[in-house]
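**Student:** Encoded as structure tokens, here's the structure I'll be asking about.
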Amino acid sequence: KRHLLRVEYGSFRLSADEREPGRLREGVVFWMDNAFQQSPYGFPYFGVLGAAWEVLEFCRDRGSRKRKLRMLLLLTLTFYIIFFHSLANLPLYGRRDNVEIIKRFWMQTAIVEVLFMAAGFHRLLALAVPEVHRPALVVVHVGILLAFCRRHYERMDQSDNYIVSQFGKEVLALMPVSSLFLTMTDLVTNTLRYWQACHRHRLDVLVADQNLMSAEWFVKGQAKNYPGVAFPANIYWPSRPDGFNMREMVDVNFGKFRIFTFAGAKESSHEQAGYKLVPFGYAEEFVRPMNPDSLSPWQCNESMWAETVPSHLPPSPPYVNLSLTKYPEGTWEYKALEEYFIAVNRYGFFAFSLGSRFPRVAYYAAAYVYRQGARDLPRERCGCSLDQYSHFYRSLGS
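Printed below as a string of structure tokens:
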């Protein structure tokens with residue numbers, strides 16, 4: 001029922017925090033602003049004109065099937081905009097990342113918007129052009145369409161775009177055999193599952209999304225698909241009586257699997273138990289500090305980690321020279337590239353943190369990371385999130 005009504009997290013409720021309210025007014029304002037950004041030359045005004053004209057025509061002739069269909073489209077568009085933004089509970093002001101997320105739900109409305117823009121534009125031309133010249137309107141319409149295609153073809157041509165798929169394969173390539181991967185974010189979870197489900201690639205890696213583990217149906221319905229994995233309770237929700245936290249999840253599985261996370265953990269209970277996260281590939285591994293008196297598998301020898309950095313640091317991906325003009329901040333392709341630099345940056349900071357205890361191997365590891373990061377980062381400032389990593393490496397080099 002909750003999923004059918006779209007009030008379950010992951011449907012139209014885009015924030016996992018159920019206390020976060022829907023943002024109807026905010027969402028509609030950003031939707032209208034996006035319409036003007038995506039449709040230059042004031043075409044959204046033609047959409048308003050087209051919609052108003054169809055309402056007037058329907059009031060005059062309610063028996064027409066064409067009028068009924070057009071009114072149905074208009075009502076569907078209105079209902080979707082109101083219903084979706086009433087539920088979509090992501091704050092938008094000052095949050096560029098959230099705006100890019102919510103844009104993905106506006107693509108459906110764009111089809112109807114364009115139809116009414118075309119209708120409004122046609123009506124306006126029909127009023128302005130004498131009837132004898134009406135056949136020429138066909139040429140005008142086709143010319144405008146071709147002009148738009150020519151202007152946007154290169155940016156919209158995705159015939160050789162395999163970046164997101166390549167990202168998933170790059171992440172899986174560095175995962176140890178038979179590991180447990182507690183992921184977070186749509187990009188990594190969906191790309192890994194794509195490779196596993198569609199290509200039968202690296203099925204030994206058990207991928208469990210932390211946000212999905214927070215759904216009531218997950219443990220009950222999906223635990224059977226994670227052989228050997230123990231779930232401490234019914235749901236990953238620490239504040240619930242029947243919920244578990246990350247410390248409990250790691251406790252009951254530590255020693256059976258090497259356990260990794262992507263984008264951290266939703267809460268920090270594991271830190272209180274002495275676990276720490278150590279960079280490994282695109283992920284971070286849950287480890288316990290080395291205890292010579294009580295060794296267990298997969299405890300962290302930080303000196304050995306530094307010595308082996310070249311073997312598990314993510315290599316330069318195929319899309320490292322991504323066109324930031326074609327794939328600006330907010331696109332999935334940009335995010336795939338950013339995740340690479342996030343991982344490399346994490347390695348740099350962690351290697352430096354070991355410098356006081358293991359200077360010989362730690363500074364060698366840091367220098368290795370620096371050379372790769374400095375080589376791969378954009379040469380010029382892009383006015384995007386990659387600039388923060390450029391600043392880090394420039395400071396590191398000096």
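The sequence shown runs 1 to 398 under the UniProt record's numbering. All C-beta atoms in this analysis are idealised placements derived from N, C-alpha and C, irrespective of residue type, glycine included. Computed from a prediction, not measured in an experiment: that's the story for all the values here.
May I have the straight-line CA-CA distance separating Arg-60 from Ser-39, to the nearest angstrom?
**Tutor:** Their Cα atoms are separated by approximately 30 Å.
**Student:** When you compare only the Cα positions, how much space is there between Phe-262 and Ser-385?
**Tutor:** Computed Cα separation, rounded: 19 Å.
**Student:** Is the beta carbon of Ala-343 sitting closer than 8 Å to the one on Tyr-282?
**Tutor:** Cβ atoms of Ala-343 and Tyr-282: closer than 8 Å.
**Student:** Helix, strand or coil, according to DSSP, for Leu-295 in the structure here?
**Tutor:** Model confidence at Leu-295 stands at a pLDDT of 49, short of 50, so the residue's coordinates are unreliable; what they give is reported in the following sentence. Here Leu-295 sits in coil by DSSP.
**Student:** Between Leu-377 and Phe-58, what straight-line distance do the alpha-carbon atoms span, to the nearest angstrom?
**Tutor:** Straight-line Cα distance between these residues: approximately 57 Å.
**Student:** Taking the Cβ atom as the reference point for each residue, do Gln-196 and Leu-203 lie within a distance shorter than 8 Å?
**Tutor:** Cβ distance < 8 Å, so Gln-196 and Leu-203 count as in contact.
**Student:** Under the three-state reduction of DSSP, which class applies to Gly-243: helix, strand or coil?
**Tutor:** The answer is strand: DSSP assigns Gly-243 an E or B state.
**Student:** Between which two residues does the beta strand (DSSP E) carrying Lys-276 extend?
**Tutor:** Per DSSP, Lys-276 belongs to the beta strand (DSSP E) from 276-280.
**Student:** Do you know offhand how far Lys-169's Cα is from Thr-191's?
**Tutor:** The straight-line gap from Cα to Cα measures roughly 8 Å.
**Student:** Note the first and the last residue of the continuous beta strand (DSSP E) segment covering Val-287.
**Tutor:** Where Val-287 is concerned, the enclosing beta strand (DSSP E) stretches over 283-287.
**Student:** Kindly provide the ranges of any alpha helix (DSSP H) runs that are 4 or more residues long and lie completely inside the region 189-256, ordered along the chain.
**Tutor:** As far as the region 189-256 is concerned, its whole alpha helix (DSSP H) runs of at least 4 residues are 210-213, 216-222, 246-253.
**Student:** Report the option in Cys-198, Tyr-347, Phe-105, Val-207 whose CA atom is closest to the CA atom of residue 399.
**Tutor:** This structure leaves residue 399 out entirely; the chain is present only between 1 and 398.
**Student:** Our contact map puts Gly-274 next to Arg-288 with C-beta atoms below 8 Å; I'd like the distance itself, whole angstroms only.
**Tutor:** Indeed, because the Cβ distance is near 6 Å, the residues count as touching under 8 Å.
**Student:** Residues in its own chain within less than 8 Å of Phe-79 by CB, not counting five upstream and five downstream?
**Tutor:** Closer than 8 Å at the Cβ level, and outside the excluded window around Phe-79, lies no residue.
**Student:** Looking at the unbroken beta strand (DSSP E) that takes in Phe-181, where does it start and where does it end?
**Tutor:** That run of the beta strand (DSSP E) goes 180-183.
**Student:** Thinking Glu-333 and Val-164 are a contact (beta carbons under 8 Å), I'd like their distance in whole angstroms, please.
**Tutor:** Going by Cβ atoms, the distance from Glu-333 to Val-164 rounds to 7 Å, so yes, they are a contact pair.
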